[in-house]
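Residues in the sequence shown are numbered from 248 upward in steps of one, following our numbering. Cβ atoms here follow ideal geometry from the backbone N, Cα and C, with glycine treated the same way.
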Amino acid sequence: MRTATDSDAKWKGSREAWLDAAFELLLDSGVESVRILPLAKRLDVSRTSFYWFFKDREALLDALIERWREKNTQGLVRQTEAYAESITEAILNVFDCWLNPELFDSPLEFAMRSWALQSEAVAREIDMADEARIEALTRMFERFGYAPLAANVRGRTIYLTQIGYISMKTREALEVRMQRIPAYVEIFTGQAPQPRELQRFQARHGFVLEDAQASSGAAGH
248 MRTATDSDAK
258 WKGSREAWLD
268 AAFELLLDSG
278 VESVRILPLA
288 KRLDVSRTSF
298 YWFFKDREAL
308 LDALIERWRE
318 KNTQGLVRQT
328 EAYAESITEA
338 ILNVFDCWLN
348 PELFDSPLEF
358 AMRSWALQSE
368 AVAREIDMAD
378 EARIEALTRM
388 FERFGYAPLA
398 ANVRGRTIYL
408 TQIGYISMKT
418 REALEVRMQR
428 IPAYVEIFTG
438 QAPQPRELQR
448 FQARHGFVLE
458 DAQASSGAAG
468 H
(Lines of atoms letter the chains of each structure in order from A and count residues from 1; the text may use other names and numbers.)
(Lines give C-alpha, C1' and ligand atoms only; values in the text may rest on other atoms or scores of the structure.)
Protein backbone atom coordinates (compact mmCIF):
# COMPACT_ATOMS: atom_id res chain seq x y z
CA MET A 1 0.00 0.00 0.00
CA ARG A 2 1.48 3.28 -1.04
CA THR A 3 1.55 6.40 1.07
CA ALA A 4 0.33 9.68 -0.42
CA THR A 5 2.88 12.47 -0.77
CA ASP A 6 2.18 16.14 -0.09
CA SER A 7 2.01 16.87 -3.81
CA ASP A 8 -0.81 14.43 -4.54
CA ALA A 9 -2.61 14.63 -1.17
CA LYS A 10 -5.14 17.10 -2.55
CA TRP A 11 -6.73 14.60 -4.93
CA LYS A 12 -6.12 11.51 -2.81
CA GLY A 13 -7.08 12.97 0.55
CA SER A 14 -5.37 11.29 3.50
CA ARG A 15 -5.98 8.22 5.60
CA GLU A 16 -7.12 10.38 8.51
CA ALA A 17 -9.45 12.36 6.25
CA TRP A 18 -11.09 9.15 5.01
CA LEU A 19 -11.46 7.96 8.61
CA ASP A 20 -12.87 11.29 9.75
CA ALA A 21 -15.43 11.25 6.94
CA ALA A 22 -16.31 7.64 7.72
CA PHE A 23 -16.92 8.53 11.36
CA GLU A 24 -19.17 11.40 10.33
CA LEU A 25 -21.28 9.07 8.18
CA LEU A 26 -21.35 6.45 10.92
CA LEU A 27 -22.61 9.02 13.42
CA ASP A 28 -25.09 10.59 11.00
CA SER A 29 -26.60 7.57 9.28
CA GLY A 30 -25.19 4.30 10.64
CA VAL A 31 -22.69 1.82 9.30
CA GLU A 32 -24.61 1.04 6.08
CA SER A 33 -23.92 4.59 4.93
CA VAL A 34 -20.17 4.14 5.30
CA ARG A 35 -19.34 3.31 1.70
CA ILE A 36 -16.56 4.34 -0.61
CA LEU A 37 -18.49 6.42 -3.16
CA PRO A 38 -20.35 8.61 -0.61
CA LEU A 39 -17.08 9.12 1.24
CA ALA A 40 -15.28 10.16 -1.93
CA LYS A 41 -18.04 12.65 -2.72
CA ARG A 42 -17.89 14.04 0.80
CA LEU A 43 -14.13 14.49 0.51
CA ASP A 44 -14.30 15.68 -3.09
CA VAL A 45 -11.61 13.22 -4.13
CA SER A 46 -11.33 10.36 -6.60
CA ARG A 47 -12.98 7.12 -5.54
CA THR A 48 -9.89 5.19 -6.62
CA SER A 49 -7.78 7.21 -4.18
CA PHE A 50 -9.44 5.23 -1.37
CA TYR A 51 -7.23 2.27 -2.27
CA TRP A 52 -4.07 4.19 -1.53
CA PHE A 53 -5.01 3.89 2.14
CA PHE A 54 -7.31 0.87 2.54
CA LYS A 55 -7.49 -2.53 0.88
CA ASP A 56 -11.28 -2.50 0.84
CA ARG A 57 -14.35 -1.33 2.77
CA GLU A 58 -13.80 -4.00 5.43
CA ALA A 59 -10.33 -2.62 6.09
CA LEU A 60 -11.87 0.82 6.58
CA LEU A 61 -14.44 -0.57 9.01
CA ASP A 62 -11.67 -2.36 10.92
CA ALA A 63 -9.81 0.96 11.16
CA LEU A 64 -12.95 2.61 12.54
CA ILE A 65 -13.17 -0.04 15.25
CA GLU A 66 -9.51 0.41 16.10
CA ARG A 67 -9.89 4.18 16.39
CA TRP A 68 -12.94 3.74 18.67
CA ARG A 69 -11.03 1.24 20.77
CA GLU A 70 -8.15 3.66 21.22
CA LYS A 71 -10.36 6.70 21.81
CA ASN A 72 -12.97 5.34 24.18
CA THR A 73 -11.61 2.20 25.79
CA GLN A 74 -8.03 3.35 26.20
CA GLY A 75 -9.22 6.87 27.05
CA LEU A 76 -11.30 5.53 29.93
CA VAL A 77 -8.60 3.13 31.09
CA ARG A 78 -6.03 5.94 31.16
CA GLN A 79 -8.34 8.03 33.33
CA THR A 80 -8.73 5.20 35.84
CA GLU A 81 -4.93 5.11 36.08
CA ALA A 82 -4.44 8.88 36.40
CA TYR A 83 -2.84 10.19 39.57
CA ALA A 84 -5.25 10.66 42.47
CA GLU A 85 -4.76 11.06 46.21
CA SER A 86 -8.14 9.55 47.09
CA ILE A 87 -10.83 7.38 45.56
CA THR A 88 -13.09 10.42 45.27
CA GLU A 89 -10.45 12.26 43.24
CA ALA A 90 -9.97 9.11 41.14
CA ILE A 91 -13.70 9.00 40.38
CA LEU A 92 -13.63 12.65 39.33
CA ASN A 93 -10.78 11.77 36.94
CA VAL A 94 -13.11 9.17 35.39
CA PHE A 95 -15.96 11.68 35.27
CA ASP A 96 -13.72 13.82 33.06
CA CYS A 97 -14.53 11.29 30.34
CA TRP A 98 -18.22 12.13 30.43
CA LEU A 99 -17.57 15.86 30.00
CA ASN A 100 -14.57 15.90 27.66
CA PRO A 101 -15.12 14.33 24.21
CA GLU A 102 -11.35 14.32 23.69
CA LEU A 103 -11.18 11.62 26.37
CA PHE A 104 -14.36 9.69 25.54
CA ASP A 105 -16.70 10.27 22.59
CA SER A 106 -20.25 9.48 23.72
CA PRO A 107 -21.96 9.90 20.29
CA LEU A 108 -19.37 7.55 18.82
CA GLU A 109 -20.06 5.06 21.61
CA PHE A 110 -23.78 5.17 20.78
CA ALA A 111 -23.04 4.67 17.07
CA MET A 112 -20.78 1.68 17.79
CA ARG A 113 -23.39 0.05 20.01
CA SER A 114 -26.01 0.58 17.32
CA TRP A 115 -23.65 -1.04 14.80
CA ALA A 116 -23.19 -3.98 17.17
CA LEU A 117 -26.91 -4.77 16.83
CA GLN A 118 -26.24 -5.58 13.18
CA SER A 119 -22.85 -7.28 13.49
CA GLU A 120 -21.79 -10.17 15.69
CA ALA A 121 -18.15 -9.22 15.20
CA VAL A 122 -18.75 -5.67 16.46
CA ALA A 123 -20.89 -7.04 19.30
CA ARG A 124 -17.87 -9.10 20.38
CA GLU A 125 -15.74 -5.95 20.25
CA ILE A 126 -18.28 -4.19 22.48
CA ASP A 127 -18.25 -7.11 24.94
CA MET A 128 -14.45 -7.02 25.14
CA ALA A 129 -14.48 -3.25 25.59
CA ASP A 130 -17.07 -3.48 28.38
CA GLU A 131 -15.00 -6.12 30.14
CA ALA A 132 -11.76 -4.11 29.83
CA ARG A 133 -13.38 -0.90 31.06
CA ILE A 134 -15.08 -2.51 34.05
CA GLU A 135 -11.83 -4.31 34.93
CA ALA A 136 -9.98 -0.98 34.84
CA LEU A 137 -12.56 0.60 37.15
CA THR A 138 -12.35 -2.42 39.46
CA ARG A 139 -8.56 -2.11 39.69
CA MET A 140 -8.95 1.57 40.48
CA PHE A 141 -11.14 0.80 43.50
CA GLU A 142 -8.81 -1.99 44.62
CA ARG A 143 -5.88 0.46 44.62
CA PHE A 144 -7.72 2.42 47.28
CA GLY A 145 -8.35 -0.57 49.52
CA TYR A 146 -11.75 -1.86 48.42
CA ALA A 147 -12.29 -5.62 48.56
CA PRO A 148 -12.39 -7.28 45.12
CA LEU A 149 -16.15 -7.93 45.05
CA ALA A 150 -17.02 -4.45 46.31
CA ALA A 151 -14.54 -2.93 43.85
CA ASN A 152 -16.12 -4.81 40.95
CA VAL A 153 -19.68 -3.96 41.91
CA ARG A 154 -18.85 -0.27 42.31
CA GLY A 155 -16.97 -0.25 39.02
CA ARG A 156 -19.85 -1.95 37.23
CA THR A 157 -22.34 0.48 38.75
CA ILE A 158 -20.42 3.52 37.55
CA TYR A 159 -19.92 2.10 34.08
CA LEU A 160 -23.42 0.78 33.50
CA THR A 161 -24.92 4.04 34.76
CA GLN A 162 -22.95 5.99 32.16
CA ILE A 163 -23.71 3.52 29.37
CA GLY A 164 -27.37 4.00 30.30
CA TYR A 165 -26.94 7.76 29.89
CA ILE A 166 -25.40 7.18 26.46
CA SER A 167 -27.94 4.60 25.31
CA MET A 168 -30.86 6.82 26.32
CA LYS A 169 -29.16 9.87 24.78
CA THR A 170 -29.72 11.69 28.08
CA ARG A 171 -28.94 15.40 27.94
CA GLU A 172 -28.25 17.51 31.02
CA ALA A 173 -27.24 21.13 31.31
CA LEU A 174 -23.69 21.47 32.60
CA GLU A 175 -24.94 23.26 35.72
CA VAL A 176 -27.35 20.40 36.49
CA ARG A 177 -24.68 17.77 36.01
CA MET A 178 -22.18 19.65 38.17
CA GLN A 179 -24.72 19.97 40.96
CA ARG A 180 -25.28 16.21 40.87
CA ILE A 181 -21.61 15.21 40.70
CA PRO A 182 -20.93 15.28 44.50
CA ALA A 183 -23.90 12.99 45.16
CA TYR A 184 -22.83 10.60 42.42
CA VAL A 185 -19.31 10.46 43.87
CA GLU A 186 -20.61 9.73 47.36
CA ILE A 187 -23.02 7.05 46.11
CA PHE A 188 -20.34 5.35 44.02
CA THR A 189 -17.55 5.48 46.62
CA GLY A 190 -19.26 5.80 50.00
CA GLN A 191 -17.23 8.98 50.59
CA ALA A 192 -18.01 12.64 50.02
CA PRO A 193 -15.56 14.46 47.73
CA GLN A 194 -13.46 17.21 49.26
CA PRO A 195 -14.31 20.80 48.23
CA ARG A 196 -10.82 21.26 46.75
CA GLU A 197 -11.31 18.13 44.62
CA LEU A 198 -14.60 19.45 43.29
CA GLN A 199 -13.09 22.85 42.61
CA ARG A 200 -10.27 21.31 40.58
CA PHE A 201 -12.76 19.19 38.67
CA GLN A 202 -15.02 22.15 37.93
CA ALA A 203 -12.05 24.27 36.86
CA ARG A 204 -10.98 21.59 34.36
CA HIS A 205 -14.34 22.01 32.68
CA GLY A 206 -14.53 25.79 32.86
CA PHE A 207 -17.30 25.81 35.43
CA VAL A 208 -17.62 27.71 38.70
CA LEU A 209 -20.64 26.52 40.67
CA GLU A 210 -20.76 29.61 42.85
CA ASP A 211 -21.16 31.84 39.79
CA ALA A 212 -23.94 29.65 38.46
CA GLN A 213 -25.78 29.80 41.79
CA ALA A 214 -25.36 33.57 41.93
CA SER A 215 -26.77 33.90 38.43
CA SER A 216 -29.69 31.66 39.32
CA GLY A 217 -30.40 33.72 42.42
CA ALA A 218 -30.26 36.97 40.51
CA ALA A 219 -32.65 35.60 37.91
CA GLY A 220 -35.14 34.75 40.63
CA HIS A 221 -35.44 38.33 41.87
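In this structure, the CA atom of LEU290 is about 15 Å from the CA atom of LEU273.
Each residue's CA atom was taken as its position, placing GLU332 and VAL432 some 15 Å apart. Fewer than three Cβ pairs drawn from the region 349 to 361 and the region 380 to 389 lie within less than 8 Å of each other, which leaves the two stretches out of contact.
Apart from the 5 residues on each side of it in sequence, ALA376 sits with its Cβ closer than 6 Å to the Cβ of THR320 in its chain, given in chain order. In terms of Cα proximity to PHE435, the closest of ILE338, GLU305 and LEU311 is ILE338. At the C-beta level, GLU372 and ALA363 come within 9 Å of one another. Taking the Cα of ALA368 as reference, the smallest distance to any Cα among ILE312, ALA450, GLU263 and ALA420 is reached at ILE312. Cβ atoms of LEU286 and ALA269 come within 8 Å of each other, at about 6 Å. Between the beta-carbon of ARG451 and that of ASP343 there is about 6 Å, and that keeps the pair under the 8 Å contact cut. For GLN446, the enclosing alpha helix (DSSP H) begins and ends at 442 to 451.
It is roughly 22 Å from the alpha-carbon of ALA329 to the alpha-carbon of ALA430. Taking 9 Å as the cut-off, the Cβ atoms of THR385 and ASN399 count as close.
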